[in-house]
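Student: In terms of UniProt numbering, the sequence shown is numbered consecutively and its last residue is 713.
Okay, handing you the structure first.
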Amino acid sequence: MISDLFLLLAESEPEGLMAVGSKFLLWTRVALGIGLVIFVHELGHFVAAKTFGVKCEKFYVGFDPPMKIGPIKLPSTLGKFTYGETEYGIGIIPLGGYVKMLGQDDDPRKMKDEAARARQLAGDEEVDDDQDGQSDASAASELAELDPRSLPAKPVWQRMIIMSAGVFMNVVTGAMFAAAAFFYGVPYTPAIIGGVTPGGPAWQAGIEPGGQVVSVDGMDDAQMHFREMRSAILHAGLETPDRPIPLTVAFDSRNVQYELVTQPHPLQNRFRMIGITSPTSTTLSDSENAAPRSVAADVLTKQDLGATIVSFNGTPIDENAMVPGTPLFDYLNTHPDQSIQLGLRRADGSNHVVELPPQQSKWIGIRTAAGPVTALVTNGPAEKAGLKVGDVIEAVGDVTSPDGEELVLILAQREPIVLTVRRGEETLEIEITPDDSPQTLSPTYGTGDKASINAYGFAFDLPATVSAFDRALLVKGDELQPTDELKSITLLASNEYPDDFSTGPLAGLVEELSKGWKFDEVQTAAGFFESIQSLPEGTEFKVLAERAETGVIVESVVKLTTDQRVRFERGLGLVAAEEIQTASSLKEASVLGIRECRRRLGEVFRFLNMLVHGSVSKDQVGGPIKIFQVAGSEAERGVSAQLLFLTMLSMNLAVLNFLPIPVLDGGHMVFLICEAIMGRRVNEELEMRLTLVGGLMLLALMVFVFFNDLINI
């Protein structure tokens with residue numbers, strides 16, 4: 001197998017070899033970074049022990065248990081050497097590290113033997129194992145008989161320092177990692193409101209794009225990172241889901257305060273959100289500047305990779321604005337049927353103009369209904385006009401019984417409308433004049449279970465209920481009828497695709513749709529219709545639907561073709577807005593590093609509190625595999641991101657190691673505090689049993705998080 005790998009590499013193109021090499025370097029960086037956090041923790045114990053004259057027999061990063069398969073002895077280390085009286089090495093199991101001191105062993109099976117060894121002076125073979133009920137005088141006598149270089153021979157205060165030195169080192173080096181990151185420059189997405197999701201708490205509060213969040217749930221920061229804001233909201237929502245979260249947003253020269261109650265995230269109900277999205281820049285990606293088979297892919301070339309959009313339809317974009325792309329995105333999402341001229345400044349500095357035509361829609365002959373009104377903007381146009389949550393829209397002007405997609409396209413024109421709505425047994429006509437709220441996101445942004453045009457101030461459901469069906473696209477099976485509920489749509493295996501569907505995102509799309517799109521809160525009708533836009537005409541699907549009157553499941557085979565309607569998304573591959581926060585001096589870097597440590601420590605304590613109160617699900621608990629995955633993604637983002645990840649990891653290691661669980665440093669501290677209070681050591685038998693229980697608990701936790709990681713990969 002190894003020879004096959006070398007043959008494969010030998011036959012690879014230089015680009016392939018470079019990719020393999022870069023991946024190898026990336027994971028080497030990840031391993032070295034995590035190893036460094038473990039190393040400095042153990043170094044703290046080692047230096048403190050050496051300072052007080054304790055004999056250190058081993059210093060290991062990783063664990064080195066003896067391993068055998070039958071008669072075959074497996075290596076337990078990746079390498080080791082002895083210098084002086086200490087053996088240094090890297091253990092084969094990368095789940096931590098340890099310093100082995102004379103008289104101390106975390107393995108409860110060896111505690112008696114280790115204690116006996118520590119009680120002997122050189123050449124003394126007499127050991128008294130009966131320590132139960134000893135007096136203070138006998139304890140002092142035993143202390144005199146201990147090897148003077150053993151850990152138990154040292155005063156309690158020295159042992160406390162030795163046990164806490166690892167945690168101290170993690171906190172100090174964590175602050176140093178963060179300070180170095182800010183001194184180097186930390187790229188981040190600012191907590192600027194790029195858009196608000198339809199019907200979400202921020203949308204209902206009337207928050208508009210372009211403001212900058214400067215305070216959230218008591219955390220103030222004029223340069224707040226979007227990830228920090230999102231993390232604070234997530235933690236607050238998990239702790240107290242019904243508590244309004246205070247939020248301060250800066251708009252130009254004024255600050256506006258809001259109190260928003262979080263909602264469950266559509267993809268994970270235990271996660272909470274307020275519906276604010278990060279800002280998108282006007283710069284195209286330097287790797288993929290357009291979605292496959294979109295109109296953007298038809299007009300953009302390789303020369304446009306990394307280009308910046310500097311104008312649209314001749315109107316310059318203000319690149320100094322908080323969100324420069326707001327007018328552009330607003331135009332795209334309110335003129336889906338219009339061509340748009342984009343002025344590009346390419347990466348080489350040259351200017352270029354491209355014309356982006358409307359994105360023609362594809363469909364399979366199914367129209368889905370417009371559901372009832374689900375949310376209103378507080379004091380927005382719809383609420384002022386008298387529209388209420390629960391109203392069912394039966395007509396828009398002269399258009400009766402509009403389907404969901406049709407209703408959105410009508411509203412996108414942002415003209416005064418008259419809605420005919422059913423409210424219980426009543427039928428009402430409500431006239432709404434839109435305001436000038438910008439539409440920076442697609443009207444069905446997110447999973448597509450709701451839609452809205454912000455200027456009207458109401459959102460409505462988009463259920464998977466059939467409102468109309470074009471039988472011309474029926475290949476075979478039952479003809480769908482209005483009120484049928486879509487259950488699943490599956491891509492047929494008999495379909496044939498062009499060559500570009502063999503790899504990349506298009507291959508992934510085919511794979512996912514072949515498993516079947518099962519309609520629910522996450523896999524919505526709007527989401528499905530968006531996902532099929534890249535597929536070639538003639539592609540066939542199997543549709544399962546439930547007939548409303550009888551509950552019978554009907555089956556149809558339909559084909560994909562070009563629709564007369566257009567879509568909002570045109571496939572522009574724009575990257576997220578990003579800034580760089582750089583400390584101007586060593587003092588500022590230190591202040592930012594200490595602040596980062598405080599925040600990460602606070603998050604760990606907050607997480608433990610939620611864990612105790614059952615606010616955290618098993619899906620939110622990660623183990624070694626998850627740590628390596630996150631470490632890899634952060635390392636890919638750059639040195640600063642990796643250093644901040646190491647700060648977070650250091651704070652986690654510091655707090656978790658100091659929990660009062662035997663085997664951990666915190667468990668040792670509990671025994672030492674008891675010894676300081678009682679004036680004698682805790683009964684060895686009791687300590688051994690508690691350590692055994694703590695070790696089993698820790699082992700069970702490690703097994704749980706490891707398999708939890710495997711399940712969630």
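For every residue, glycine included, the Cβ atom is placed at its ideal position computed from N, Cα and C.
What you are looking at is a predicted structure, and each value in this text was computed from that prediction instead of being measured.
Spatial neighbours of PRO416 within its chain, please: C-beta separation below 8 Å, excluding the five flanking residues on both sides.
Tutor: Your numbering for residue 416 matches position 416 in the sequence shown. The answer, listed in chain order, is GLU431, ILE432, THR433, PRO434.
Student: Take TYR456 as the anchor and find which of SER281, LEU710, ILE410, PRO660 has the nearest alpha-carbon.
Tutor: Within the sequence shown, the letter at position 456 stands for residue 456. Checking every option, the nearest Cα to that of TYR456 belongs to ILE410.
Student: Would you tell me roughly how many angstroms separate the C-alpha atoms of ALA49 and ALA180, rounded to the nearest one?
Tutor: Residue numbering aside, residue 49 sits at position 49 when the sequence shown is read from its first letter. Residue numbering aside, residue 180 sits at position 180 when the sequence shown is read from its first letter. Going by the C-alpha atoms only, they are around 28 Å apart.
Student: Can you check DSSP and say which residues form a bridge with GLN360?
Tutor: Translated into the one-based positions of the sequence shown, residue 360 becomes position 360. For GLN360, which the question treats as bridged, DSSP gives the partners VAL566.
Student: With DSSP as the reference, label LEU506 as helix, strand or coil.
Tutor: Walking along the sequence shown from the start, residue 506 turns up at place 506. Three-state DSSP puts LEU506 in a helix.
Student: Residues bridged to HIS41 by DSSP?
Tutor: Stepping through the sequence shown from its first residue, residue 41 is reached at position 41. Answer is none; HIS41 lacks a bridge partner.
Student: Distance, Cα to Cα, ALA654 vs GLY96?
Tutor: Taking the first residue of the sequence shown as position 1, residue 654 is located at position 654. Taking the first residue of the sequence shown as position 1, residue 96 is located at position 96. Spanning the two alpha carbons is a distance of roughly 12 Å.
Student: What are the boundary residues of the beta strand (DSSP E) that ASP461 is part of?
Tutor: One-based indexing of the sequence shown puts residue 461 at position 461. Start and end: 458 to 461.
Student: Answer with buried or exposed for ALA526, where buried requires no fewer than 16 other C-beta atoms within 10 angstroms of its C-beta.
Tutor: One-based indexing of the sequence shown puts residue 526 at position 526. With 16 or more Cβ atoms within 10 Å of its Cβ, ALA526 is classed as buried.
Student: Does DSSP classify MET169 as helix, strand or coil?
Tutor: Along the sequence shown, one-based indexing puts residue 169 at 169. Looking at MET169 - three-state DSSP - the assignment turns out to be helix.
Student: Which word fits GLN439, buried or exposed, when buried means at least 16 other C-beta atoms lie within 10 angstroms of its C-beta?
Tutor: To locate residue 439, count along the sequence shown from 1; it is residue 439. The residue in question, GLN439, is buried, as its Cβ has 16 or more Cβ neighbours within 10 Å.
Student: Tell me whether GLY218 is buried or exposed, calling it buried when 16 or more other Cβ atoms sit within 10 Å of its Cβ.
Tutor: For the purposes of this step, residue 218 is identified with residue 218 of the sequence shown, where counting begins at 1. Per the 10 Å Cβ criterion, exposed.
Student: Less than 9 Å between the beta carbons of THR282 and LEU328, yes or no?
Tutor: The count along the sequence shown starts at 1 and reaches residue 282 at position 282. The count along the sequence shown starts at 1 and reaches residue 328 at position 328. Contact flag set, yes.
Student: Is ALA493 buried or exposed, if buried means 16 or more other CB atoms sit within 10 Å of its CB?
Tutor: Within the sequence shown, the letter at position 493 stands for residue 493. So ALA493 ends up on the exposed side.
Student: Cutting at 7 Å between CB atoms, please list the residues of its own chain near VAL639, excluding the five before and the five after it.
Tutor: Sequence index remark: in the sequence shown, residue 639 carries index 639 (1-based). These residues qualify, in order along the chain: TYR184.
Student: ARG471 lies in the beta strand (DSSP E); which residues open and close that run?
Tutor: Along the sequence shown, read from residue 1 onward, the residue named residue 471 stands at position 471. No beta strand (DSSP E) holds ARG471; DSSP gives it neither H nor E.
Student: Would you mind stating whether ALA205 and VAL373 have Cβ atoms separated by less than 9 Å?
Tutor: Taking the first residue of the sequence shown as position 1, residue 205 is located at position 205. Taking the first residue of the sequence shown as position 1, residue 373 is located at position 373. No, Cβ-Cβ distance for ALA205 and VAL373 is not below 9 Å.
Student: Starting from the Cα of PHE658, find the closest Cα among ALA165, THR28, VAL591 and give me that residue.
Tutor: To locate residue 658, count along the sequence shown from 1; it is residue 658. Here the closest residue by C-alpha is ALA165.
Student: Alpha carbon to alpha carbon, what distance is there between MET273 and ASP242?
Tutor: Along the sequence shown, read from residue 1 onward, the residue named residue 242 stands at position 242. Along the sequence shown, read from residue 1 onward, the residue named residue 273 stands at position 273. Looking at the two C-alpha atoms, the distance is approximately 12 Å.
Student: Measuring straight from C-alpha to C-alpha, what distance separates GLU126 and GLY695?
Tutor: Taking the sequence shown and counting its residues from 1, the one referred to as residue 126 is at position 126. Taking the sequence shown and counting its residues from 1, the one referred to as residue 695 is at position 695. With a pLDDT of only 41 at GLU126, under the threshold of 50, the placement of this residue in the model should not be trusted, and no figure is reported.
Student: So within the region 389 to 462, which uninterrupted alpha helix (DSSP H) runs reach at least 4 residues, ignoring any that extend past its ends?
Tutor: Runs of the alpha helix (DSSP H) inside the region 389 to 462: 404 to 411.
Student: With 16 as the cutoff for other CB atoms within 10 Å, does VAL196 come out buried or exposed?
Tutor: Locating residue 196 in the sequence shown gives position 196, counting from the first residue. Buried, because 16 or more other Cβ atoms sit within 10 Å of the Cβ of VAL196.
Student: Hey, could you find the ends of the beta strand (DSSP E) GLY343 is sitting in?
Tutor: Translated into positions along the sequence shown, residue 343 becomes position 343. From DSSP, the beta strand (DSSP E) with GLY343 extends over 340 to 345.
Student: Out of ILE38, ALA507, ALA589, which has the shortest C-alpha to C-alpha gap to SER534?
Tutor: Here residue 534 refers to the residue found at position 534 of the sequence shown. Between SER534 and the set ILE38, ALA507, ALA589, the nearest pair of CA atoms involves ALA507.
Student: In chain order, what residues of the same chain have a beta carbon less than 7 Å from the beta carbon of LEU701, not counting five sequence neighbours either side?
Tutor: Translated into the one-based positions of the sequence shown, residue 701 becomes position 701. Once the five neighbours on either side are set aside, LEU701 has no close Cβ partner at all.
Student: Go through its chain and collect everything with a Cβ distance to GLY79's Cβ below 7 Å, but skip five positions before and after it.
Tutor: One-based indexing of the sequence shown puts residue 79 at position 79. Within the same chain, and ignoring the five residues on either side of GLY79 in sequence, the residues whose Cβ sits closer than 7 Å to its Cβ are GLY89, ILE90.
Student: Kindly indicate which residue of ALA545, MET169, CYS674, VAL630 has the alpha-carbon position closest to the one of PRO482.
Tutor: Translated into the one-based positions of the sequence shown, residue 482 becomes position 482. It is ALA545.
Student: Nearest-angstrom Cα distance between THR539 and GLU496?
Tutor: Position 539 of the sequence shown holds residue 539. Position 496 of the sequence shown holds residue 496. Cα-Cα distance, rounded: 8 Å.
Student: For ASN333, report the span of its beta strand (DSSP E) as first-last.
Tutor: For the purposes of this step, residue 333 is taken as residue 333 along the sequence shown, with counting starting at 1. Note, ASN333: premise wrong, no beta strand (DSSP E); alpha helix (DSSP H) at 326 to 334.
Student: Tell me which residues share the same chain as ILE233 and place their Cβ nearer than 8 Å to its Cβ, disregarding the 5 neighbours each side in the sequence.
Tutor: Indexing the sequence shown from 1 puts residue 233 at position 233. Beyond the five residues adjoining it in sequence on each side, ILE233 comes within less than 8 Å, by CB distance, of VAL216, ASP217, ILE245, THR262, ARG272, MET273, ILE274 in the same chain, given in chain order.
Student: Between which two residues does the beta strand (DSSP E) carrying SER488 extend?
Tutor: Within the sequence shown, residue 488 is the residue found at index 488, counting from 1. From DSSP, the beta strand (DSSP E) with SER488 extends over 485 to 491.
Student: For residue 716, which option in ALA451, GLY551, ALA459, LEU284 has the closest C-alpha, if you only look at C-alpha atoms?
Tutor: Absent from the model: residue 716. The displayed extent of the chain is 1 to 713, so no value can be given.
Student: In the DSSP assignment, what are the bridge partners of TRP203?
Tutor: The residue you call residue 203 lines up with position 203 of the sequence shown. Looking at the DSSP assignment, TRP203 forms no beta bridge with any residue, so it has no partner.
Student: Return the bridge partner residues of PHE81 from the DSSP annotation.
Tutor: Residue numbering aside, residue 81 sits at position 81 when the sequence shown is read from its first letter. Answer is TYR88, bridged to PHE81.
Student: Under the rule that 16 or more other beta-carbon atoms within 10 Å means buried, what is ALA137, buried or exposed?
Tutor: Start at 1 with the first residue of the sequence shown, and residue 137 comes out as number 137. Confidence at ALA137 is low in this model, with a pLDDT of 46, below 50, so its placement is unreliable and no value can be given for it.
Student: So which of THR280, GLN212, ASP220 has the shortest CA-CA distance to PHE251?
Tutor: By one-based count along the sequence shown, residue 251 stands at place 251. Comparing Cα positions, the closest option is GLN212.
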